[in-house]
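A short write-up of the structure that comes next.
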Amino acid sequence: HMGKCIIKLSREPNKREKYLPHYLSHIVRMQEEIGTGGAGFRFIYASFLKETSKALNNELLAEAAEIMAEAGDEWRQFALVSSKMCKGRKDMNGEELAALLNNCANQEAKAWQLLKQYR
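Count along the sequence shown starting at 1, add 1264, and that's the number in our numbering.
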């Protein structure tokens, strides 16, 4: 949903110039600085899964840990690209940002599908 919203805002020149940078910087701040579930949470959860996989000798949990860490990397990439766009160091591109968010979602979906298999 957020990706679609970003694309919509980026297509309207007035909103792309004034509103979208504020919107994105708020998202990045909430995600990375305040820590409400962005990359940091993914890394913490990946660490938990990795430790649990060792304790239980379970390869499925280890694989889920790797995928969740990759999701954290994707969230950090989204934050980096968003910040560059907000600061004018990179052209504002809603399609690129939406693609990064979709990558995050796909990685997380893979991890959750693996975890559903755990019994």
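Where a beta carbon is used, it is the ideal one built from N, C-alpha and C, also for glycine.
C-alpha gap between residue i and residue j, whole angstroms
i, j, result
"glutamate 1297", "leucine 1325", "28 Å"
"glycine 1215", "tryptophan 1339", "Because the chain is modelled from 1265 through 1383, residue 1215 falls outside the range shown and cannot be assessed."
"cysteine 1368", "glycine 1304", "13 Å"
"isoleucine 1271", "leucine 1365", "11 Å"
"glutamate 1281", "glycine 1302", "25 Å"
"asparagine 1321", "glutamine 1381", "15 Å"
"asparagine 1278", "leucine 1284", "9 Å"
"aspartate 1337", "glutamate 1323", "21 Å"
"histidine 1265", "alanine 1319", "37 Å"
"isoleucine 1291", "arginine 1383", "36 Å"
"glutamate 1330", "isoleucine 1308", "12 Å"
"leucine 1387", "tyrosine 1287", "Because the chain in this structure spans residues 1265 to 1383, residue 1387 falls outside the shown range and cannot be described."
Coil, strand or helix - residue i by DSSP
i, result
"glycine 1352", "coil"
"arginine 1383", "coil"
"glutamate 1334", "helix"
"glutamate 1281", "helix"
"asparagine 1322", "coil"
"glutamate 1372", "helix"
"histidine 1265", "coil"
"glutamate 1276", "coil"
"asparagine 1367", "helix"
Assumed close pair residue i, residue j - CB separation to whole angstroms, cut-off 8 Å
i, j, result
"alanine 1310", "methionine 1294", "20 Å between Cβ atoms; not a contact."
"alanine 1328", "glutamine 1371", "The pair is not a contact, with the Cβ atoms about 11 Å apart (cut-off 8 Å)."
"cysteine 1350", "serine 1274", "With a Cβ gap of about 12 Å, cysteine 1350 and serine 1274 do not count as contacting."
Nonlocal neighbours in the same chain, by C-beta distance under 7 Å from residue i, ignoring five residues either side
i, result
"glutamine 1341", "Leu1364"
"lysine 1374", "Ile1331"
Residues of its chain near residue i, where Cβ-Cβ distance is below 8 Å and the 5 sequence neighbours each way are ignored
i, result
"lysine 1268", "Ala1362"
"valine 1345", "Lys1354, Glu1360, Leu1361 and Leu1364"
Cβ-based neighbour list, residue i, same chain, cut-off 6 Å, excluding 5 preceding and 5 following
i, result
"lysine 1348", "Lys1354"
Worksheet item: Does the stretch 1312-1324 come within contact of the stretch 1355-1373, defined as at least 3 CB pairs closer than 8 Å?
Response: no
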